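In the UniProt record's numbering, the protein residues as written are 1 to 88. Don't be surprised by glycine CBs; every beta carbon is placed ideally from N, CA and C. It should be emphasised that the depicted structure is a prediction, and the values quoted were computed from it without experimental measurement.
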């Protein structure tokens, strides 16, 4: 997942763990460190269709059309899947 796509998949809520991001069904490669596992059905309920497509199906969104393209508000931006802080 490119940094551009990741930027558009952040939110200011839902704290949890980053290893689940972008992996099918929220599964982790390293089971010892994985703190979050979501079923595909659960993720489809929690995420918008675009968020699901980008994070779980390696999709992309159109360039320069994302909700956060010109977003400059201060805060901690978190992964939309697991809630891990990505940047401030």
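query: Residue(s) in a DSSP beta bridge with residue 87; result: 77
query: Endpoints, the alpha helix (DSSP H) within which residue 42 is located; result: 40–46
query: Boundaries (first-last residue) of the alpha helix (DSSP H) holding residue 53; result: 49–56
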